[in-house]
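Protein chains in written order, with the numbering used here: chain A, 2 to 310; chain B, 2 to 310. Backbone N, C-alpha and C define an ideal beta-carbon position, used for all residues, glycine too. Accompanying notes for the structure given below.
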């Protein structure tokens, strides 16, 4: 009988559960809405596990800072969550060991074992969504760190005098290089009256400009919008270069909502990457790959945590 | 009979060779001047190996970008060096395998196995000298990277519009947080007439201000000099925070020339570190430790490369 590995991804609005077979293929999936508060979340996870049963291992991916012992310390996108012992509590309910890790780390594991990073020993997963998440594989192993907090790359400070971040600091990378970063760069350009067409697409209101309006104008060939995309690509590249200087990866896997419009950003990112990289002529550059698992990445990676923890 | 492990550190002015016993203690050491050009360096390394013989393993630390195959691609502090196959050439001469790595990586290995980082599984070595070098240990293994270029942390870009770096880019971390960074911050303050006492100590010439003058004035309690030290500590902290966001280490080991005046910087670094760190209240902060092996670090680490590669 082949092994069944269950994984659940806890998102801001829904919990997605999957079961994988030995090949890593999804053989079952089920969704439930994410409720408010720790008690209700544990109830939901228990119900979902019941639907997915029987399984040999189970893992959970959660959005936020999670310790090596499966405690979710903080989760900006969940309601009323702090020091939530999700691993221990669910384990008590189910009577089995429960692996827990950050959702971006789970995405890294999923891409590593079944997606864009298959066979690699050194890569960084970068999820470009509302914020920026990350996961690090180095020397053929998942890097977890002292506390389990490896890969909080969205909060790399790229400008100590930059705009405030909800985390309380200034100039975090995700203020520039995420979905909200793109929207921020676009609104800044709109308020400075530098992107007429983008504002038109937003119904004429500079304050309503979002990333999708920049993307739409850029696809029309609008020069001003392409300038915003170039600035955005420059910030993405800056962070990728800094990660390269630290870790010298074979590849980056870019995921999250922005990866869907990858074709728009790839050129600017690569051009600025070469410009910022130390000793660009003395080495092969890391590959820029795009995530293959999209919305299933977190759940699939959670199901595979038992293999890599 | 116990094993003898030989290690050689190739510096800008001298090559230092050591032999370690089983406990990691230095049982022999010898120095030769570093000559110009690859042929002469190989001759010197062969002579040094002859003096250190007999040994069971040998490793070499070199200053610059070195590949996993022991090719020194570039070395800013050595004369006429590019694509120098130091590992293969010395191996041919000696008839044994020669392990080669970057000198800061060797220092990391030395501190890990016999110094300030003994017993740790996750730490970053940061050598604050003329520039900044680094070595990374994560999950109990030395991280080497795709090309062997892990830990080029001095070239993390902390301000894309900052001052030019000899590497060709702008705003590299080592423009601010190294020995030359401190001197640069001090000269900037001197030219702006903000550090009267520091300029006095430099003989009255703002252009002659160096890091040691700032340190001396700071030790007298001079407020202006302490302000420069504070700014310096802020830049060091910024880089350490960024490394923490990526790797979540248990500790940093600070080495290099500036570590000798650690007492002056420690306070400002720790204060700014807490200010810049993401979620500072939700985790133990990494320890700031200081290198224990000083000038022997590179050679000792080179001798231990065979254990960790």
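Look up residue 272 of chain B in the DSSP assignment and say whether it is helix, strand or coil. The answer is helix: DSSP assigns residue 272 of chain B an H, G or I state.
Buried or exposed: where does residue 192 of chain A fall if 16 or more other Cβ atoms within 10 Å of its Cβ makes it buried? A residue is called buried once 16 or more other Cβ atoms fall within 10 Å of its Cβ, and residue 192 of chain A, having fewer, is exposed.
What does residue 29 of chain A pair with, by DSSP beta-bridge criteria? Residue 29 of chain A is bridged to A:20.
Starting from the beta carbon of residue 152 of chain A, find every residue of chain B whose beta carbon is closer than 9 Å, and list them in chain order. Chain B residues near residue 152 of chain A: 246, 247, 248 and 249.
Checking contacts by CB at 7 Å: is residue 74 of chain B closer than that to chain A? Residue 74 of chain B counts as touching chain A.
Does DSSP put residue 339 of chain A in a helix, a strand or coil? It is not possible to answer for residue 339 of chain A, since the shown part of chain A is limited to 2 through 310.
Where residue 283 of chain B meets chain A, residues with beta-carbon distance less than 8 Å: Within 8 Å Cβ-Cβ: 66, 74 and 75.
Check the Cβ-Cβ distances between residue 80 of chain A and every residue of chain B, and say whether any is below 7 Å. Chain B contact via Cβ: absent.
Less than 7 Å between CB atoms is the rule here; does residue 265 of chain B satisfy it with respect to chain A? By this cut-off, residue 265 of chain B is not an interface position.
Please report how far the alpha carbon of residue 79 of chain A lies from the alpha carbon of residue 62 of chain A, in whole angstroms. Cα to Cα, residue 79 of chain A sits roughly 13 Å from residue 62 of chain A.
Report all residues from its chain with a CB closer than 8 Å to the CB of residue 23 of chain B; omit the five preceding and five following residues, and keep chain order. Closer than 8 Å at the Cβ level, and outside the excluded window around residue 23 of chain B, lie 3 and 4.
Taking only runs of the beta strand (DSSP E) that begin and end inside the stretch 75-160 of chain A, which ones reach a length of at least 3 residues, in chain order? Residue ranges of uninterrupted beta strand (DSSP E) with 3 or more members, entirely inside the stretch 75-160 of chain A and ordered along the chain, are 83-85, 99-103, 124-129 and 133-139.
Contact set for residue 186 of chain B: own chain, Cβ-Cβ below 6 Å, skip 5 residues either direction: Closer than 6 Å at the Cβ level, and outside the excluded window around residue 186 of chain B, lie 229, 232 and 233.
Which residues, taken in chain order from the stretch 132-151 of chain B, show a beta carbon closer than 8 Å to some beta carbon of chain A? Under the 8 Å Cβ criterion, the stretch 132-151 of chain B contributes 135, 137, 139, 140, 142, 143, 144, 145, 146, 147, 148, 149, 150 and 151.
How would you call residue 224 of chain B, buried or exposed, if buried means at least 16 neighbouring beta carbons within 10 angstroms? It counts as exposed.
Give the single residue among B:100, B:289, B:188 and B:202 whose Cα lies nearest to the Cα of residue 301 of chain B. The candidate whose alpha carbon is nearest that of residue 301 of chain B is B:100.
Taking the beta strand (DSSP E) that residue 10 of chain B belongs to, which residues open and close that run? Its beta strand (DSSP E) spans residues 6-11.
Look up residue 55 of chain A in the DSSP assignment and say whether it is helix, strand or coil. Coil, per DSSP.
Based on the DSSP output, what are the partners of residue 67 of chain B in its beta bridges? Looking at the DSSP assignment, residue 67 of chain B forms a beta bridge with B:73.
Going by C-alpha to C-alpha distance, which of A:104, A:299, A:250 and A:31 sits closest to residue 48 of chain A? Of the listed residues, the one whose Cα sits closest to residue 48 of chain A is A:31.
Short check: CB of residue 8 of chain B to CB of residue 298 of chain B, under 7 Å? Taking 7 Å as the Cβ cut-off, residue 8 of chain B and residue 298 of chain B do not qualify as a contacting pair.
For residue 177 of chain B, decide whether its Cβ has a neighbour in chain A, counting only Cβ atoms nearer than 7 Å. Answer no: the Cβ-Cβ gap between residue 177 of chain B and chain A never drops below 7 Å.
Can you list, in chain order, the residues of its chain whose CB lies under 6 Å from that of residue 306 of chain B, leaving out five sequence neighbours each side? When the five nearest sequence neighbours on each side are left out, the beta carbons in the same chain lying within less than 6 Å of the beta carbon of residue 306 of chain B are those of 60, 100 and 102, in order along the chain.
So, under 8 Å CB-CB, residue 195 of chain B and residue 207 of chain B are touching, yes? Tell me the CB distance rounded to an integer number of Å. The C-beta distance from residue 195 of chain B to residue 207 of chain B rounds to 10 Å, too long to meet the 8 Å contact threshold.
Own chain, CB closer than 7 Å to residue 202 of chain B, minus 5 neighbours either side, in chain order: Shown here for residue 202 of chain B: same chain residues with a beta carbon closer than 7 Å to its own, the five before and five after excluded, namely 214, 217 and 218 in chain order.
Under a Cβ-count criterion, where at least 16 other Cβ atoms within 10 Å of its own Cβ denotes burial, should residue 183 of chain A be classed as buried or exposed? Residue 183 of chain A is buried by the Cβ-count criterion.
With a threshold of 7 Å between beta-carbons, can residue 243 of chain A be considered close to chain B, or not? Residue 243 of chain A counts as touching chain B.
I'd like to know if the stretch 157-172 of chain B and the stretch 266-279 of chain B are in contact, where contact means that at least 3 CB-CB pairs between them fall below 8 Å. No: fewer than three Cβ pairs fall under 8 Å.
Could you check whether the Cβ of residue 70 of chain B sits closer than 7 Å to any Cβ belonging to chain A? By this cut-off, residue 70 of chain B is not an interface position.
Could you please tell me which residues of the stretch 270-281 of chain A, in chain order, have their CB closer than 7 Å to any CB of chain B? Only 277, 279 and 280 from the stretch 270-281 of chain A bring a Cβ to less than 7 Å from some Cβ of chain B.
Tell me the rounded alpha-carbon separation between residue 263 of chain A and residue 257 of chain A. So the alpha carbons of these two residues sit roughly 10 Å apart.
Whose CA, out of A:282, A:275 and A:254, lies closest to the CA of residue 295 of chain A? Distance from the Cα of residue 295 of chain A is smallest, within the candidate group A:282, A:275 and A:254, for A:254.
Reducing DSSP to helix, strand and coil, say where residue 256 of chain B ends up. In the structure shown, residue 256 of chain B sits in a strand (DSSP, three-state: E or B).
Should residue 156 of chain B be flagged as near chain A, meaning a C-beta pair shorter than 7 Å? Yes, contact with chain A.
Under 7 Å, Cβ to Cβ, is there at least one residue of chain B near residue 305 of chain A? Cβ-Cβ to chain B under 7 Å: no for residue 305 of chain A.
Report yes or no: do the stretch 276-285 of chain A and the stretch 14-22 of chain B share at least 3 C-beta pairs separated by less than 8 Å? The answer is no - the stretch 14-22 of chain B does not touch the stretch 276-285 of chain A, with fewer than three Cβ pairs under 8 Å.
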